[in-house]
Structure formats: C-alpha cells, structure tokens
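*Asks:*
Number of protein chains: 2
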Amino acid sequence: MFGHSSRTRGRRGADLATRTSPKLSMLEQFAKVAKALGNPHRLDLLELLAQGERSVEALAAASGLSFANASQHLQVLRRSGLAVSRRNGLHVLYSLSGDDVLALMGALRRTAERHVEEIDRLLRGYFHQRDALEAVSRDDLIGRLTDGSVTLLDVRPPEEYAAGHLPGAVNIPLKDLKRRLSELPEATEVVAYCRGPYCVLAYEAVAALRKCGRAARRMEDGFPEWRMAGLPVETDDVIEAATTVAKPPSS
Amino acid sequence: MFGHSSRTRGRRGADLATRTSPKLSMLEQFAKVAKALGNPHRLDLLELLAQGERSVEALAAASGLSFANASQHLQVLRRSGLAVSRRNGLHVLYSLSGDDVLALMGALRRTAERHVEEIDRLLRGYFHQRDALEAVSRDDLIGRLTDGSVTLLDVRPPEEYAAGHLPGAVNIPLKDLKRRLSELPEATEVVAYCRGPYCVLAYEAVAALRKCGRAARRMEDGFPEWRMAGLPVETDDVIEAATTVAKPPSS
DNA sequence: TCGATATTCAAGAGAGTTATTGAATAGTAT
DNA sequence: ATACTATTCAATAACTCTCTTGAATATCGA
C-alpha cells in the first residue's frame, strides 16, 4: 500500500500522510493532540489551567518554567486545541478549551496508572504514607458534608481558590497551614483537596495535620473533577488578573 | 531521563523543582503514554490491534510499514503499556493491554474532533459525500436487526472478521464488494461497519453500494466500540496467528 | 508622543524521534 | 546440528522538540 511506495528516502510526516490516505491525515490530527499531551510540563500547565483562567506570567511562576518557555508550551497547547487564550489588557489569559480536555486527561491518567508499573514505584516512594492517607471519595464526602461531620480544606493558592472552590471549603495554602492551624476546628475530621488526583498539596497537608494530632484525610479528586461532575461550585471575585468572570450569584 | 531538571534551576528557585518533583515524575509517566499515542502510524497500529491479536508481520502488512519499523513502533506501544505481546511459535502476537486503551483513544478522538478545526476540513474534503453517508447509531442498529429489516455487512479483511465480528454480519472485504454484490439481498438496506469511526472502509463500501443502486448506510462505530460496549460478539475459532498464508487448522 | 510591562518571535545548541539498512537472535522443521 | 523464518537489535541520517537568549510587538498610562 502506501509504505512501500515511500521507501525511497526522505519525505515523511505530513506529506506522506496527506498524499496517501485520508485516514492517516485524520490520525495525524489526533496525533497532534496526543503530542501536545506528551510533555510533563504541558501536563502540569494543563492541570493549572484546569483550576481556572490564568495569565502566562502566573502560569510560568506556578509551573517553575521560564517565561518564554511557558509561553511556547502554552502556544503548543493552543495550537493543538487543548487550550484557548484571550487578551485582557496587558495580559493574555489561557484556559482549557472545554471539559472534554479534562476527560481526556482523566483517561490518560487511568491508562497510565493501570499499565505503567513504574507509577506504583513512584507512589510508594514519594507518597510514602500512602496507605495511611486513604482518600475520601466524592460521594462519601457529599454525605459527610451534609451531616456536618467534616471540615473541608482547600490547600491551593488563594488565586486558584478564588477562581472556584467546593462550597464551604476553608482556604489555607499549604505553607500557611501550621501557622493557621487554629482556624480549623479540633473536633471534626478535616478533608483536604487540591488540584487533582496527583497534586501533592493535599497529601502533604494531610501528613502535616496528622503530625499535629488532627484527624485528616484527602479527597480522592481535585477541584476540576468536582466541577466536571456537575457538582456545585463557589466562586469569589477574582483577585489577581482582573477578568470579567460572569457567574450566577450563589450561596 | 531526568537529566534536565537539576541543571536549569538556578534562577527560578530550587523550591519549585523540589516541591513538584514527585509530581513531575508522575507527569513524566503520563507523558510517556501520551507520547506513544503521538504518532499517526502508532494510532493506526492501535486501531488494528483493537480488532484483535495479530503478528508483527500481519500488522506491518496491514499498516504499510516496513517490518523493522512496525516492530519498533510496536515496542514503543509495549513499553508505554498500551500494548502487550506474547510469543506463539515463530510469531510474536501483539494486542491491546486493556479496554481502557480504547477509552483513551475515544477520548482523544472526541477532543481532536471538537477542537481541531482542520479535521472538519478533512472530513469535508476526503469523505466528500459525508452528509449523504449518514450513520446508523448502535442503538438504532440493534432495533433494526431484531426486526430483520437490515443486512449487516463487515467490510474488514477476513482475518479481522474471524477474530471477532457483530452477530449475523456478512463479511465481504471492500475490494471484493463489486464482484460479490449478489451475496447481499436486494430488498433490505445494508448497514456497513469496519474498524472504527474513522476507518474509511465503511464509507467507501456505502459509496460503492449506492452506486450500484443499493440502499446502504454506515454504522457509526466500528467493531471495537461495539465489543467494548459489552454487546454480543461472534468469533470464528480458527485464527490464532493469522497471516497471508492460510494454515490448515491442526488442533 | 514616550516609557513600562506582558507576551511573542527568532535563532541556535543539544537531545530525542523516525525510517532505513543490514546483522543478530530465537524459535521451528528437517 | 543445519537451514529457515519471524522478530529484534544496532547504526545511521534526517528531522523534530526543548530550552535559552535577546530582540520585537502589543497594550496601557502619563
């Protein structure tokens, strides 16, 4: 078929595909999206974008990438259709292009979890007390919230909390946790959540709380998964990066 | 593998690298899986693998790749956990590592469909009569099958048909369709299916049938989606290492 | 207009990916 | 064993990706 005719040196990639088969052209488009996902920094940026719309500057700082580098990665995400951007004054604000991107990231995570054995090693190595840090599922949490037997703790940075958080959650960023421990009632168990299933913030918050003698567990998912499940979300007026966040009044 | 992270942290502060290090390691694993998806030939191979277990030789022939090249791509898929292989005599048989891989491919396709505008262009360009080739959904098809008002046509190659097909489907590969047209009853509508939503075989079969004055439509999905939905599947028992040379059944 | 700021662009070094070729390995049959 | 086959490995050349640097562009406020 097509491969044998192209055996004559050179001419690969888009040319080959467009010349030979409509299907390969389609697959090339799919591959472009997959390629955009195929870099850890871009996956990190996508998780940050899943918390809400943010400027290049904020994303570069949060991901630890240089400014130009973050910009280039974000452009890859935009060109692949995974993210979109809009200009707001001096800032360019990036966000995910839709909830299907979250679904795709979830599918990627599940497959990687199930098939890449090194992930198990990493989980045991880095998230060392993982067995002790048993997660609370979304459904469990909903039940526990209605009967008031838990305090819900959001350990993300304030700007991410402001862009959207679980109803009734208290926001104490990880680094302030020890100092502000008194803000959490001692009687009830604390359930902490952060950006997503493999965000370390919640793990470390739970570890820190237990060290202080508190009962604490981590929620299985992060904020984006909660929002995507159609569950209620609370929003504060945006602090940084003045954007027009159209939202229906709640609470 | 982890070479770059320790070298470049001079200016942005070491805490970022340290804080996100376990997470970046996780993301690196996820990225490895995404990278494996990020090549059109490998996506093509994955779709072939979704039809059933097959030898490197058969996969190379079906995808049009050279032998060594197909082998290398398949090894990438195996290393990323998307595919598994087992030895059977002279042949090494590859297959998908699980149904979650199909789910991942589906999520990738949906995101690409929704966000990559070039795909629309391709659909209009190559699958030119697309509006006329309106698809039958799985549920519709199930209804139509039970009341006997359709003939179900599998246009994939015989070895893929043998590895699994929809109950009651007639197998006529695309290239034999004109010659074997008489095997299809004239009275009932024909519904054709093939490897998946963007496999061209069914599109072309429907176009060919209509040219001959038959009523024909294409099923929305292919065989793998049908099987993954838990719907009944028929298998011809004889295949194991199906290659171009038909071996007589020995067991 | 100007200067200040946020982002993008351009160019280049270094690492990684791809397809090809030919050689090496692992199984099977004689 | 020996010949044979299917697959993998190794080496190579062309190409792509990533990150850095410094310059260019766009927007805002004075």
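Chain order of the listed sequences is A and B. Sequence positions in the first sequence follow the working numbering and run 1 to 251. Sequence positions in the second sequence follow the working numbering and run 1001 to 1251. The beta carbon of each residue, even a glycine, is placed where N, CA and C say it ideally should be. All values reported here derive from a predicted model rather than from experimental measurement.
1. Select from the segment 98-110 of chain A all residues with a C-beta closer than 7 Å to any C-beta belonging to chain B, and list them in chain order.
2. So, is Asn1088 of chain B buried or exposed, given that buried needs 16 or more other C-beta atoms within 10 angstroms?
3. Between the Cα of Thr1188 of chain B and those of B:Ala1229, B:Met1026, B:Ala1215, B:Ala1031, spot the shortest distance and give me the residue it belongs to.
4. Starting from the beta carbon of Leu1027 of chain B, find every residue of chain A whose beta carbon is closer than 7 Å, and list them in chain order.
5. Where does the unbroken alpha helix (DSSP H) through Asn1069 of chain B begin, and where does it stop?
6. Since Ala202 of chain A contacts Met219 of chain A with CB under 8 Å, what's their CB separation in whole angstroms?
7. At the level of alpha carbons, what is the spacing between Ala1112 of chain B and Val1190 of chain B?
8. Beta-carbon within less than 8 Å of Arg138 of chain A's beta-carbon, same chain only, minus the 5 sequence neighbours each way: which residues are those?
9. Is the CB-CB distance between Ser80 of chain A and Leu93 of chain A below 8 Å?
10. Quick check: what's the CA-CA separation for Ala205 of chain A versus Asp140 of chain A?
11. Could you name the residues that DSSP lists as bridge partners for Ser1025 of chain B?
12. In three-state DSSP terms, what is Ala60 of chain A?
13. Taking the C-alpha atoms as reference points, what is the distance between Gln1051 of chain B and Thr1151 of chain B?
14. Can you pull the chain B neighbours of Leu48 of chain A, defined as C-beta to C-beta under 9 Å?
15. Indicate whether at least one CB of chain A lies closer than 8 Å to the CB of Ala1208 of chain B.
16. What are the partner residues of Glu234 of chain A, as DSSP defines its beta bridges?
17. Compute the Euclidean distance between the alpha carbons of His115 of chain A and Cys1212 of chain B, then round it to the nearest angstrom.
18. Please decide whether Phe1030 of chain B counts as near chain A, where near means a Cβ-Cβ distance under 8 Å.
19. Taking all protein chains shown into account, decide if Ser1182 of chain B is buried (16 or more other Cβ within 10 angstroms of its Cβ) or exposed.
20. Below 7 Å on C-beta distance, what does Val1033 of chain B contact in chain A?
21. Ignore the nearest five residues each way along the sequence and tell me which others in Asp1236 of chain B's own chain have a CB closer than 7 Å to its CB.
22. Taking 8 Å as the CB-CB cut-off, is Val200 of chain A touching chain B?
23. Output, in chain order, the set of chain A residues within a Cβ distance shorter than 8 Å of Leu1096 of chain B.
24. Give me the chain A residues within the contact set of Leu1037 of chain B, using Cβ-Cβ distance strictly less than 9 Å, ordered along the chain.
25. Determine the closest residue to Ser1097 of chain B out of B:Arg1217, B:Glu1053, B:Val1233, with distance taken between C-alpha atoms.
26. Nearest by alpha-carbon distance to Leu1153 of chain B: which of B:Asn1171, B:Asp1099, B:Arg1144 is it?
27. Given that Gly1148 of chain B touches chain A, what residues does it touch there, using C-beta distances under 8 Å?
28. Please say whether Leu1027 of chain B and Leu43 of chain A have beta carbons closer to each other than 8 Å?
29. When you compare the CB of Leu1177 of chain B with every CB in chain A, is at least one pair closer than 8 Å?
30. Just mark Phe67 of chain A as buried or exposed, buried being the case when its beta carbon has 16 or more other beta carbons within 10 Å.
31. I'd like to know whether the C-beta atoms of Leu45 of chain A and Leu74 of chain A end up nearer to each other than 8 Å.
32. At 9 Å on the CB atoms, spell out the chain B contacts of Leu82 of chain A, in chain order.
33. If the criterion is Cβ atoms closer than 8 Å, does the pair His1091 of chain B and Ser1063 of chain B meet it?
34. What three-state label does DSSP hand Arg1180 of chain B in the structure shown?
35. How would you label Glu134 of chain A, buried or exposed, when you count the other beta carbons within 10 angstroms and need 16 or more for buried?
36. By the three-class DSSP mapping on this structure, what secondary structure does Ala229 of chain A have?
*Replies:* With the given structure in hand:
1. Gly98, Asp100, Val101, Ala103, Leu104, Ala107, Leu108, Arg109, Arg110
2. exposed
3. B:Ala1215
4. Pro40, Leu43, Asp44
5. 1067-1079
6. The C-beta distance from Ala202 of chain A to Met219 of chain A rounds to 7 Å, short enough to meet the 8 Å contact threshold.
7. 30 Å
8. Met219, Glu220, Asp221, Glu225, Trp226, Ala229, Leu231
9. No, Cβ-Cβ distance for Ser80 of chain A and Leu93 of chain A is not below 8 Å.
10. For the pair Ala205 of chain A and Asp140 of chain A, the Cα-to-Cα distance works out to about 20 Å.
11. Partner(s): none; Ser1025 of chain B has no beta bridge.
12. helix
13. 21 Å
14. Result: empty, since nearest Cβ-Cβ is about 11 Å, beyond 9 Å.
15. At least 8 Å separates the CB of Ala1208 of chain B from every CB of chain A.
16. A:His165
17. Cys1212 of chain B has its alpha-carbon roughly 47 Å from the corresponding atom of His115 of chain A.
18. yes
19. Ser1182 of chain B should be labelled exposed.
20. Leu108, Thr111, Ala112, Val116
21. Ala1162
22. yes
23. The premise fails here: Leu1096 of chain B is roughly 10 Å from chain A at the closest Cβ pair, so nothing lies under 8 Å.
24. Phe30, Ala31, Val33, Ala34, Lys35, Leu37, Gly38, Leu108
25. B:Glu1053
26. Selection B:Asn1171, B:Asp1099, B:Arg1144 evaluated against Leu1153 of chain B yields B:Asn1171 as nearest (Cα-Cα).
27. Simply none; closest approach about 32 Å.
28. Contact: yes.
29. no
30. exposed
31. yes
32. Thr1111, His1115
33. Contact: no.
34. Three-state result, Arg1180 of chain B: coil.
35. exposed
36. Three-state result, Ala229 of chain A: coil.
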